[in-house]
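**Student:** In the order they appear, the protein sequences are chains A, B and C.
Using our numbering, the first residue of the first sequence is number 1, and each one after it goes up by one.
Using our numbering, the first residue of the second sequence is number 353, and each one after it goes up by one.
Using our numbering, the first residue of the third sequence is number 705, and each one after it goes up by one.
Ideal Cβ positions, reconstructed from N, Cα and C, are used throughout, including at glycine.
Note that the coordinates shown come from a computational prediction; the quantities given were computed from them, not determined experimentally.
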Amino acid sequence: MEAGKAKRGNYFEDFAVGQVLVHATPRTLTAGDVTLYTGLYGSRFAMQSSNPFAKAVGYPRAPVDDLLVFHTVFGKTVPDISLNAVANLGYAECRFLKAVHPGDTLSATSEVIGLRENANKTSGVVYVRTTGINQDGAKVLEYVRWVMVRKRDTASPAPAPVVPKPAERVDPATLGAAVPELTIDRYDFDLAGSTHRWGDYAAGEKIDHIDGMTLEEAEHQIATRLYQNTAKVHFNQHEQAQGQFKRRLVYGGVVISLARALSFNGLGNAFHIAAINGGRHVAPCFAGDTVYAWSEVLETAAIANRRDIGALRVRLVAVKNCACADFPWRNAAGEYAEGVILDLDLWLVLPR
Amino acid sequence: MEAGKAKRGNYFEDFAVGQVLVHATPRTLTAGDVTLYTGLYGSRFAMQSSNPFAKAVGYPRAPVDDLLVFHTVFGKTVPDISLNAVANLGYAECRFLKAVHPGDTLSATSEVIGLRENANKTSGVVYVRTTGINQDGAKVLEYVRWVMVRKRDTASPAPAPVVPKPAERVDPATLGAAVPELTIDRYDFDLAGSTHRWGDYAAGEKIDHIDGMTLEEAEHQIATRLYQNTAKVHFNQHEQAQGQFKRRLVYGGVVISLARALSFNGLGNAFHIAAINGGRHVAPCFAGDTVYAWSEVLETAAIANRRDIGALRVRLVAVKNCACADFPWRNAAGEYAEGVILDLDLWLVLPR
Amino acid sequence: MEAGKAKRGNYFEDFAVGQVLVHATPRTLTAGDVTLYTGLYGSRFAMQSSNPFAKAVGYPRAPVDDLLVFHTVFGKTVPDISLNAVANLGYAECRFLKAVHPGDTLSATSEVIGLRENANKTSGVVYVRTTGINQDGAKVLEYVRWVMVRKRDTASPAPAPVVPKPAERVDPATLGAAVPELTIDRYDFDLAGSTHRWGDYAAGEKIDHIDGMTLEEAEHQIATRLYQNTAKVHFNQHEQAQGQFKRRLVYGGVVISLARALSFNGLGNAFHIAAINGGRHVAPCFAGDTVYAWSEVLETAAIANRRDIGALRVRLVAVKNCACADFPWRNAAGEYAEGVILDLDLWLVLPR
C-alpha cells in the first residue's frame, strides 16, 4: 500500500497560466553558507569576502554572493517546476533587487506566465516568473525561466498557447537596486586586487580568465544539496547509469558559479551581478571536466542617478577541457564550438 | 622509543560495569555546522532550515537537526568505546531531550551498563548509556548502545555477565521534551512543503521516498570528521585495502542522515526525531553506493498534555542500489533482503 | 583582442628587494570556516572546538585554528608571489602573534627581503617576509618564505644577490604572544582528552600518532579554495595531465593540517602552534594517498614570564602510505625515507 504522500513533481498538464506556486522550505542563509560557497568555488571578490571592506564603502556588512542567492531561490522551485523537466531552456529578466546578508531568510514563489505544448504532445514548455523574497517580504530576486516539462499523459488536451516574450536585456536604467550608495573614495583597489574601474572597460573587449578548475562529484553534489535542489540527475548514479549520459550531470548553476569565480581574474572590481539578461547551458558538464571561462564586454552603461557605480554588459562563456586564449564561442554557422558549456549574458556592476 | 602518550582505545577488559567515561573535546555547534550538514545531506525540513519559520511556531530560532546532535555526541564516544570494536550491534532508548541551537556546546559521558564476554574469548559485548549535555549541563540526548569490542588478551578473565534489557520502544508518554509548546495556527504548511499532519498517517502505511543519492568518499569522510568521529575504518584506505572489504566503510550515521533527508518526501511535517527505539546497520555501505529509503508507519500515539504535536512510530529502511517502490525489507525467513543497509525504528513528531 | 586585465602573476624579474606587495581580498573568518576546517581535517583540540572550554581558561571565546590563519594569509600571497613558482623551498621565522576569532578579518602584505638568480638563468629564488594583520591592523602572523620563481625572459639581467639567513629557530623567549594569560586550574584535562602537560614531555621522545587519513581530490580542492589559494597545480587536471605527475598536486598546507590534526593523538594538550621554525615539503602528495604522522620532541623551553604555559619544539613528520610505528625520517646518508612528505619544525604550547 503506497500512501501517495511523497511527491513526484508536476507534469505539463498540472500547470495553468496565472497559477502561483508557493515553494517549500524557506532558508536562512548564514556565515556558514558564505564559507561553504567559498570552499566550493574559491571566489575572491573582496566585497563578499570581507566585512570591513564592504562596510568601508557603505554596505552594512559583506553581502552574500549574488549567485548563492540565485541558486537558493532556484533550488526551491525545482520540486514544483522542473522535477519532470526534459530540459532547462533559458533564463531572462533576472534582476537582483536587494542585498542579502547572513541571517536573512529566503523563500520563493513562481507564477506561471506561459505554456506551449510541443507538437509531439509528449511535453510542453512552461514559462514561470520566480520571485525570491527575504524575511521582511522584500523582493531580493526576480527572474523568468522556461523549461520543457513532460506530460503525464500524452492524451491530455493542450492548453491555449501563451508565449511570453522576455526582454532581450534588462534595461540598465533599472540596475543597481541591490547596491547601496557607495563611497568610492573608500574603495580600496589594492585590496580588491584590480585597478580597473567601470570606465576602463570598452565594448568589444575580450578577457581570458586563464585558470581552469576540475570538478569532482562530491563538489557538485555538496553544492547542489546546499541549495536544496532536488533534481535527480545530479545525485543518483544508480539511475543515471541507465540514462543517456551514463553519469550524473552537474547542476548548471555550479558551472555558472565556477565561471563567475574564475572571472575575478580580469573583472576583479565587478563585485555585483545586477542582472542576468539571458543564459543557456549549451552542453552538459560532468565530474572530471575542467572548466575555463572568458568574457566579452558587450556594452557599457551608466546607471541613472548613480555616480558611484556603472554597469557592464558581459557575455560570460564557460568552456570545458579547453583553455580560452582564443575565446571559443560559435562558428560561422552560429553553432557553439566544441567544449562550450555555458553562454551567459550579464549586467555587472563596478565602481566608477 | 615510543612515548605511549597516543591512545589506542579501550579493549573489552578495560571496561567495568558502573564505570563512567568522560569523553574528550566538547564541541560548539554553529551556523557553520548547520550549513555543512545541509550540504552533505540536502535535508529540507523547514523547521531546521528557517529561523522565521521556527520562531513563528514557538522555537527561539531554528533548532539544529536532531541527527547532527546525535552524530556529534556519538563521535565523542568513539575514541573511548569503539576504537577496537568488531561490530556496532545496536541502539535503543535514544531520546532527544532538549533542542540544540547554534552556539550550544555539546559534551558527552558514557556509563558502562553491561558486559558479556563472547564464548570465543576474543571479544565481548559492551553496553553503555551515553548522555550528551549542553553548556548548561542540561541533557540534550541519551541513548543505549551495545558494541562488540576485542579483548587485548584472550587470557584475561571474563567479568560477571551483566546484560541489560533495553525497552523495546521508548514510551510515547515521555516524548516531546525537546519541542516547546507550539502554536500550530502559525505553522505554514505551504512553506513546510506538505499538507499532511499527524492525524493523516495511519499504522501500516508505507511511503516510498522515491529519490536516491549516490555517496562519494569525500562526502562521508567530511561528514564523519565533522562529528570528530575517529573510527579508522572510515578514513584509512591504506589499511582498509588489506581488510575484508578492501574499501573504506561509510559511517552508519551518514546512512541514517541520508535516509532521514530523503524521508522529507512523504514525511515533510515530521520535523523532529523524538526518539530512536532501535536501529541496525544491516549491511555495510561504500562510496559509489546509491542510497534509497522508505518508511512504514508502525504506530501512532498522542503525547500526554500535548495538543500541538503527535508522534508516529516509523520504521525507516535504507536500501542501496535498489529503488524502493516495493518496499524491500525482510523475506519470509526473516532475513533482510539484498540491498537493505539500515533498519531504524523511530518516533517522529508532527503537528496535530 | 586580449585586454591584458587578467593577471598571470609575477616573474622573477618583477621582484625587487624592499618592494612591498599588498595582497588582494581581505577575508572575514567566521564560524563557517571553523566548521569546514573541522570537516576537512577532523581536528579535536578542545580549545578550538569549544567556546566554554576556551572561556574557562581565559580566551574570550574559542580561537580559530592557527593553521587556518596561516593558510588564509598564505593563500592571499599566491597570486602575487608564487603563481609562477617552480618550487616552494621553505618557511622560517613563522610566529603566531595574536589569537584570531570568528568575525576577524585577515589581510596580508609581503616584503621582498632577498633575491638570488639561479645559475641557469631560467629562474631565481625570491625571499619574502609576509605579515598577516587583522581588521584593527594588529599583526596576527609573520613568516619568511622562499620560493623558486621562473624568469619571464632568460635574458633579463640578474639583480644583485641578497640572501637572508633566517634564524634556525624562533627564540622561545618570544613565544606565546597569541595566548592570553591562562588559568590552568580551570583547564579540564578530561575534556581535553589527555593528561599530559608540558612537563610530561622530554627531548628525544617520539610519538606515533597512529591514525592514517586518505585524501580525496574534492577534499583538498575545497580546502585550498577555502584559503582562496589560486595555485594552478591543485585544481586543473586538464593541464596537470600534461605535466610531470599527470595529476593534481595536493597543496602542502593540506598535509600540514592533516598531520597537525592527527597529532592530537599524543599531543592532545598542545593546543597552540606558537611558531613554525622551518618546514619542507619533502615529496608531493596526491589524492588517494593516506597520510600518517609522527612527532619527536626536540627541545623543551619555558616561556619568559609565563607560569601558565610552556613550549615544546617538535619535529612533525608526515608520511604517505606507510604507518609510523618505526618513525620513518632520514637514512644514514641524510636522505629522506621513502614516503616522507613533510618535515616540519614547530614550537607548540601546552599548559604547565
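Using only alpha-carbon positions, find the residue among B:SER395, B:ASP366, B:PHE448 and B:VAL666 that is nearest to B:PRO532.
**Tutor:** Answer by Cα proximity: B:PHE448.
**Student:** I'd like the span of the beta strand (DSSP E) that includes B:VAL705, first residue to last.
**Tutor:** Outside the modelled stretch of chain B, which goes from 353 to 704, sits residue 705 of chain B, for which no answer is possible.
**Student:** If you follow the alpha helix (DSSP H) that C:SER753 is in, where does it begin and where does it stop?
**Tutor:** Here the alpha helix (DSSP H) through C:SER753 covers 750–753.
**Student:** So, with DSSP's three-state summary, where would you put C:TYR741?
**Tutor:** DSSP places C:TYR741 in helix when its eight states are reduced to three.
**Student:** Which residues bound the alpha helix (DSSP H) around C:ILE960?
**Tutor:** That run of the alpha helix (DSSP H) goes 956–966.
**Student:** Would you kindly report the start and end of the unbroken alpha helix (DSSP H) that includes B:ARG577?
**Tutor:** Taken as a continuous stretch (DSSP letters only), the alpha helix (DSSP H) holding B:ARG577 covers 569–578.
**Student:** For chain A, find out if any of its Cβ atoms is closer than 8 Å to the Cβ of B:PRO701; answer yes or no.
**Tutor:** Before going on, a small fix: residue 701 of chain B reads as Val here, not Pro. Answer no: the Cβ-Cβ gap between B:VAL701 and chain A never drops below 8 Å.
**Student:** What is the DSSP secondary structure of C:LEU953, counted as helix, strand or coil?
**Tutor:** It is coil, neither helix nor strand.
**Student:** With three or more C-beta pairs closer than 8 Å as the rule, is the stretch 619–629 of chain B touching the stretch 568–581 of chain B?
**Tutor:** At 8 Å Cβ cutoff, the stretches do not touch.
**Student:** Below 8 Å on the Cβ atoms is my guess for A:THR249 versus A:HIS234; work out the distance and round it to an integer in Å.
**Tutor:** Note on identity: in this sequence residue 249 of chain A is Leu, with Thr being the wrong assignment. A:LEU249 to A:HIS234, Cβ: 6 Å. Contact.
**Student:** Comparing the C-beta of A:ALA257 with each C-beta of chain C, is any distance below 8 Å?
**Tutor:** Rather than Ala, the amino acid found at residue 257 of chain A in this sequence is Ser. No - not a single Cβ of chain C is within 8 Å of the one on A:SER257.
**Student:** With distance defined between alpha-carbon atoms, name the residue in A:ILE341, A:ALA332, A:GLY310 and A:GLY137 nearest to A:CYS324.
**Tutor:** A:CYS324 has its Cα closest to that of A:ILE341, out of A:ILE341, A:ALA332, A:GLY310 and A:GLY137.
**Student:** Measuring CB atoms only, is the stretch 179–194 of chain A touching the stretch 149–159 of chain A, in the sense that at least three cross pairs come out at less than 8 Å?
**Tutor:** Output reads no: the stretch 149–159 of chain A does not touch the stretch 179–194 of chain A.
**Student:** Between C:GLU909 and the rest of its own chain, which residues show a CB-CB distance below 8 Å, the 5 nearest in sequence each way excluded?
**Tutor:** So the list reads GLU1000 and VAL1001, once near-sequence residues are dropped.
**Student:** Which residues in the same chain as B:SER402 place their Cβ atom closer than 8 Å to its Cβ, once the five residues preceding and following it in sequence are excluded?
**Tutor:** Contacts found: ALA414 and LEU543.
**Student:** Is any beta-carbon of chain A found at less than 8 Å from that of C:PRO767?
**Tutor:** False, the Cβ-Cβ gap to chain A never drops below 8 Å.
**Student:** Please state whether DSSP places C:LYS759 in a helix, a strand or coil.
**Tutor:** Three-state result, C:LYS759: helix.
**Student:** Quick one: what does DSSP say C:PRO783 is sitting in, helix, strand or coil?
**Tutor:** C:PRO783 falls in the helix class under three-state DSSP.
**Student:** To the nearest angstrom, report how far apart C:LYS759 and B:GLY455 are at their CA atoms.
**Tutor:** Each residue's Cα considered, the two are about 14 Å apart.
**Student:** With which residues is A:TYR91 paired in a DSSP beta bridge?
**Tutor:** In DSSP, A:TYR91 forms a bridge with A:ARG145 and A:GLY279.
**Student:** Does the Cβ-Cβ distance between B:PRO646 and B:PHE679 come in under 8 Å?
**Tutor:** The question names Pro, but residue 646 of chain B in the sequence shown is Trp. Cβ atoms of B:TRP646 and B:PHE679: closer than 8 Å.
**Student:** To the nearest angstrom, how far is the alpha carbon of B:SER462 from that of B:PHE367?
**Tutor:** Whole-angstrom Cα-Cα distance: 11 Å.
**Student:** Please report how far the alpha carbon of B:GLU569 lies from the alpha carbon of A:LEU215, in whole angstroms.
**Tutor:** B:GLU569 and A:LEU215: Cα-Cα distance of roughly 15 Å.
**Student:** Measure the alpha-carbon distance for A:ALA203 versus A:GLU299 and round it to whole angstroms.
**Tutor:** Rounded to the nearest angstrom, the two C-alpha atoms are 5 Å apart.
**Student:** Where do the ends of the beta strand (DSSP E) carrying B:LEU373 lie?
**Tutor:** B:LEU373 -> beta strand (DSSP E) spans 372–374.
**Student:** For A:PHE53, count neighbouring Cβ atoms within 10 angstroms of its own Cβ and tell me buried if that reaches 16, exposed if not.
**Tutor:** It counts as buried.
**Student:** Indicate whether at least one CB of chain B lies closer than 8 Å to the CB of A:ILE222.
**Tutor:** It does; some Cβ of chain B falls within 8 Å.
**Student:** Could you name each continuous alpha helix (DSSP H) segment of 4 residues or more that falls completely within the stretch 149–216 of chain A, going from the start of the chain to the end?
**Tutor:** Runs of the alpha helix (DSSP H) inside the stretch 149–216 of chain A: 189–192.
**Student:** Can you list, in chain order, the residues of the stretch 17–44 of chain A whose Cβ is nearer than 7 Å to any Cβ on chain B?
**Tutor:** Those would be VAL22, ALA24, THR25, PRO26, ARG27, THR28, THR30, ALA31, GLY32, ASP33, THR35 and LEU36, in chain order.
**Student:** For a cutoff of 8 Å on Cβ pairs, would you count B:GLU568 as touching chain C?
**Tutor:** Yes, its Cβ sits closer than 8 Å to a Cβ of chain C.
**Student:** Looking at A:ALA158 and A:HIS23, is the spacing between their C-beta atoms short of 8 Å?
**Tutor:** Not in contact: A:HIS23 and A:ALA158 (Cβ atoms no closer than 8 Å).
**Student:** Counting only C-beta atoms, is A:PRO161 closer than 8 Å to chain C at any point?
**Tutor:** Not closer than 8 Å to any Cβ of chain C, the Cβ of A:PRO161 fails to qualify, so no.
**Student:** Short check: CB of A:VAL144 to CB of A:PRO166, under 8 Å?
**Tutor:** Yes, Cβ-Cβ distance for A:VAL144 and A:PRO166 is below 8 Å.
**Student:** Under the assumption that C:VAL1053 contacts C:ALA974 (Cβ atoms under 8 Å), give the Cβ distance between them as a whole number of angstroms.
**Tutor:** About 7 Å; that satisfies the 8 Å criterion.
**Student:** Please report whether the beta-carbon of B:LEU696 lies at a distance below 8 Å from any beta-carbon of chain A.
**Tutor:** It does not: the Cβ of B:LEU696 has no partner Cβ on chain A nearer than 8 Å.
**Student:** For A:CYS94, tell me which candidate among A:VAL282, A:ASP136, A:GLU338 and A:ALA177 has the shortest Cα-Cα distance.
**Tutor:** Residue A:ALA177 is the option with its Cα nearest to A:CYS94.
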